[in-house]
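Enquirer: Protein chains in written order, with the working numbering: chain A, 1129 to 1445; chain B, 1129 to 1445.
Where a beta carbon is used, it is the ideal one built from N, C-alpha and C, also for glycine.
Predicted model, so just to flag it, every value in this text is computed and none were measured.
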């Protein structure tokens, strides 16, 4: 009999197809497991598959007395209470780096889309206003990328890939992270100093308690009126209310967001703004990235059921 | 008395400000010069400032008997009948390379926007459909950039900058141009071979009679169903009707366009499509690019009125 794996978050069926070949999947569709499945069905559940952003604390872990592994689909694991898992001797795995290029690419997409105002541009052509010679909303030229100072917040795999891409655009690249790396970009010892220096802030830091609302009104103010913010990390890193205020009163020029404080809810005050580009958390959503993430999930689950340590375990400091 | 310069195309006043400091500008606003100005005012016009894409043939040149210089604002000069100008001993100048980075950046913006479907993504969030858990139009993941084969058509300054940017995205880069260059990208001896190899075609070739409709139904067919076309050169290079047909019947997946066959008219069949990203010819439209282009214009006009050869003359083969 195949080993049972409970699908804890809501995932499209197509993304689960490779796992279904190997395991007996109990798919909750994101609902409470005990509403969807009987106690008998849930008996003996030893592994959960989840999205790293979905909250998963000790009280949930306790619903499955034999739980031994929580495997995250993707890089993030911010929803998992790691301390609670450790106390219960539950291994936590993820897919480190598997989606890094894909996420870095969506960061670049959002950065270019907001700095070059592609939504406004498309609407001007699509509406017929350009053909009718109506006044162009693109009239005032914006700063281009060559010579722009782009600040990368967080220098993990995604941050490095963002930095390398930005450098190819002839931009100056600087970064802030907890430690200085051996990289050809200017290091800033604080987020404040980075924001003061740059006019485009790319948020690529791992989410957690210490980065909660790290990008607040004060940091946004330092970017300047031609400043842009791009977030592909987690919504919690930005104070979303402060961002809406800064975008509304033009403290900053624009933003490109793939993540939000309470997904899938992007606040109405944000979706009503013309100077934002919004994506529904699709950073890692490419064919190659899914294949790579699924391979990590399969490797983690297979190892777990064979009694080996997870090959892609979350490393705790 | 300042030298007179006739502004032949329609330009925003702000873009002419630096010239107005040095020259006596006669601004037609894109209308016929003899409708806007009296024969007396137009008497002795020796220099025209124009947009390279605006048609300007021998019959127009003959309206200004003392014309000695046609200066294009920007890189392009495809609207100018160079043979007619040469026969009349009229020098033609442009701004080579001044906007190359800015244009390459809009090519990358359009490429990322079409391959990652950013307009569809933004609309899904903005409409509230994501929050309401309506079926996602982003469900089917697309190929990402790492490992994608990107074909660059034309290897001038803009083509090189596009290629360098694409390489930073971990894509494979190939190109076709009349001559093979000493560059680290795979060379294809024909456009057909390039289109067969790649799935993203970036058009960066100089427009002219020999490139008219070079990208036709056959070339589009070779890109494949996950293929994308990006054009930042001139609309004439693509057979626009064939492109609309290919986008409609999904012969190709998407397109990103900054230029059109008859600007500012983007055909309704194109603007109605969901799988295109459209920009109103803003490739060179950044602050730094305008400053650089204006410097070329000023250098050309100053040299001409001082009796020197144009420093940025159009080089004819």
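For residue 1342 of chain B, which option in B:1326, B:1325 and B:1318 has the closest C-alpha, if you only look at C-alpha atoms?
Expert: Taking the second chain and counting its residues from 1, one reaches residue 1342 of chain B at position 214. Selected option, being the one with the closest Cα: B:1318.
Enquirer: Give the range of the beta strand (DSSP E) segment to which residue 1359 of chain B is assigned.
Expert: Stepping through the second chain from its first residue, residue 1359 of chain B is reached at position 231. Element bounds for residue 1359 of chain B: 1356-1359.
Enquirer: Listed in chain order, which residues of the stretch 1283-1304 of chain A have Cβ atoms closer than 9 Å to some Cβ of chain B?
Expert: Answer in chain order: 1289, 1292, 1293, 1294, 1295, 1296, 1297 and 1298.
Enquirer: Measuring only the C-alpha atoms, how far is residue 1425 of chain A from residue 1222 of chain A?
Expert: Within the first chain, numbered from 1, the residue matching residue 1425 of chain A stands at position 297. Within the first chain, numbered from 1, the residue matching residue 1222 of chain A stands at position 94. Near 7 Å, if we compare the C-alpha coordinates of residue 1222 of chain A and residue 1425 of chain A.
Enquirer: What would DSSP say about residue 1200 of chain A, mapped onto helix, strand or coil?
Expert: For the purposes of this step, residue 1200 of chain A is identified with residue 72 of the first chain, where counting begins at 1. Looking at residue 1200 of chain A - three-state DSSP - the assignment turns out to be strand.
Enquirer: Determine which residues of the stretch 1150-1167 of chain B have a Cβ less than 8 Å from any Cβ of chain A, and write them out in chain order.
Expert: Result list empty, no residue passes.
Enquirer: Between residue 1361 of chain B and chain A, is the shortest Cβ-Cβ distance under 8 Å, so that the two count as touching?
Expert: Taking the first residue of the second chain as position 1, residue 1361 of chain B is located at position 233. Chain A contact via Cβ: absent.
Enquirer: Taking 6 Å as the limit between beta carbons, can you name the residues of its chain near residue 1314 of chain A, skipping five residues before and five after?
Expert: As a first step, residue 1314 of chain A must be located in the first chain, where it is residue number 186. Around residue 1314 of chain A: 1302.
Enquirer: What residues of chain B sit near residue 1413 of chain A, judged by a beta carbon separation below 7 Å?
Expert: Here the question's residue 1413 of chain A lines up with position 285 in the first chain. Correct list: 1266 and 1269.
Enquirer: Heavy atom of the ligand FMN less than 7 Å from the Cβ of residue 1226 of chain B, yes or no?
Expert: Among the ligands in the structure shown, none appear at all, so the ligand FMN cannot be discussed.
Enquirer: What are the residues in the stretch 1227-1255 of chain B lying within 7 Å of chain A by C-beta distance?
Expert: Hits within the stretch, in order: 1229, 1230, 1233, 1234, 1236, 1237, 1240, 1241, 1244, 1246, 1247, 1249, 1250, 1252, 1253 and 1254.
Enquirer: Could you check what DSSP says for residue 1285 of chain B in three-state terms: helix, strand or coil?
Expert: Taking the first residue of the second chain as 1, we reach residue 1285 of chain B at position 157. Of the three classes helix, strand and coil, the one that applies to residue 1285 of chain B here is helix, per DSSP.
Enquirer: Show which residues of chain A have a CB atom less than 9 Å away from the CB atom of residue 1356 of chain B.
Expert: Start at 1 with the first residue of the second chain, and residue 1356 of chain B comes out as number 228. Within 9 Å Cβ-Cβ: nothing; residue 1356 of chain B doesn't reach chain A, min ~13 Å.
Enquirer: Would you call the stretch 1205-1223 of chain B and the stretch 1244-1257 of chain A in contact, with 3 or more CB pairs under 8 Å?
Expert: They do not touch, by the three-pair rule.
Enquirer: Compare the beta carbon distance of residue 1264 of chain B and residue 1408 of chain A with 8 Å and say whether it is the shorter of the two.
Expert: Here the question's residue 1264 of chain B lines up with position 136 in the second chain. Here the question's residue 1408 of chain A lines up with position 280 in the first chain. Result yes, Cβ atoms of residue 1264 of chain B and residue 1408 of chain A sit closer than 8 Å.
Enquirer: If I'm right that residue 1195 of chain B touches residue 1136 of chain B with Cβ under 8 Å, what's the distance once you round it to whole angstroms?
Expert: Taking the second chain and counting its residues from 1, the one referred to as residue 1195 of chain B is at position 67. Taking the second chain and counting its residues from 1, the one referred to as residue 1136 of chain B is at position 8. Not confirmed; about 11 Å, so no contact.
Enquirer: Does chain B have any CB closer than 8 Å to the CB of residue 1258 of chain A?
Expert: Here residue 1258 of chain A refers to the residue found at position 130 of the first chain. Interface residue, yes.
Enquirer: Compile a chain-ordered list of the residues in the stretch 1201-1225 of chain B whose CB is closer than 9 Å to at least one CB of chain A.
Expert: So the list is empty, because no residue satisfies the distance condition.
Enquirer: Would residue 1410 of chain B pass as an interface residue toward chain A - the criterion being a Cβ-Cβ separation below 8 Å?
Expert: Numbered from its first residue, the second chain carries residue 1410 of chain B at position 282. Taking Cβ atoms only, chain A reaches closer than 8 Å to residue 1410 of chain B, which makes this a yes.
Enquirer: Under 8 Å between the Cβ atoms of residue 1355 of chain A and residue 1415 of chain B?
Expert: Mapped onto the first chain, residue 1355 of chain A falls at position 227. Mapped onto the second chain, residue 1415 of chain B falls at position 287. Cβ atoms of residue 1355 of chain A and residue 1415 of chain B: not closer than 8 Å.
Enquirer: Check whether the Cβ of residue 1405 of chain B lies closer than 8 Å to any Cβ atom in chain A.
Expert: Working through the second chain from its first residue, we reach residue 1405 of chain B at position 277. So, interface residue.
Enquirer: Does any CB atom of chain A fall closer than 8 Å to the CB of residue 1394 of chain B?
Expert: The count along the second chain starts at 1 and reaches residue 1394 of chain B at position 266. Yes, residue 1394 of chain B lies at the interface with chain A (some Cβ there is under 8 Å from its Cβ).
Enquirer: Let's test the definition: count the other Cβ atoms within 10 Å of the Cβ of residue 1168 of chain B and tell me whether it reaches 16, buried, or not, exposed.
Expert: Numbered from 1 along the second chain, position 40 holds the residue referred to as residue 1168 of chain B. The residue in question, residue 1168 of chain B, is exposed, as its Cβ has fewer than 16 Cβ neighbours within 10 Å.
Enquirer: Could you compute how far the alpha carbon of residue 1218 of chain A sits from the alpha carbon of residue 1422 of chain A?
Expert: Residue mapping note: residue 1218 of chain A aligns to position 90 of the first chain, counting from 1. Residue mapping note: residue 1422 of chain A aligns to position 294 of the first chain, counting from 1. Spanning the two alpha carbons is a distance of roughly 21 Å.
Enquirer: Which residue from B:1438, B:1442, B:1434 and B:1360 puts its Cα closest to that of residue 1455 of chain B?
Expert: Shown here, chain B extends from 1129 to 1445; a query on residue 1455 of chain B therefore has no answer.
Enquirer: What would DSSP say about residue 1302 of chain A, mapped onto helix, strand or coil?
Expert: Numbered from 1 along the first chain, position 174 holds the residue referred to as residue 1302 of chain A. Strand.
Enquirer: List the DSSP bridge partners of residue 1154 of chain A.
Expert: Taking the first residue of the first chain as 1, we reach residue 1154 of chain A at position 26. Paired residues: A:1134.
Enquirer: Could you tell me whether the stretch 1200-1207 of chain B touches the stretch 1189-1206 of chain A, where touching means 3 or more Cβ pairs closer than 8 Å?
Expert: No: fewer than three Cβ pairs fall under 8 Å.
Enquirer: Excluding the five sequence neighbours on either side, which residues of its own chain have a C-beta within less than 6 Å of the C-beta of residue 1420 of chain B, listed in chain order?
Expert: Position 292 of the second chain, counted from the start, is the residue given in the question as residue 1420 of chain B. So the list reads 1226, once near-sequence residues are dropped.
Enquirer: Looking only at DSSP bridge pairs, what is residue 1186 of chain A linked to?
Expert: Numbered from 1 along the first chain, position 58 holds the residue referred to as residue 1186 of chain A. Residue 1186 of chain A is not bridged to any residue.
Enquirer: Assuming residue 1330 of chain B contacts residue 1235 of chain B under a Cβ cut-off of 8 Å, what Cβ separation, rounded to an integer in Å, is found between them?
Expert: Taking the second chain and counting its residues from 1, one reaches residue 1330 of chain B at position 202. Taking the second chain and counting its residues from 1, one reaches residue 1235 of chain B at position 107. Yes, residue 1330 of chain B and residue 1235 of chain B are in contact; Cβ-Cβ is about 6 Å, under 8 Å.
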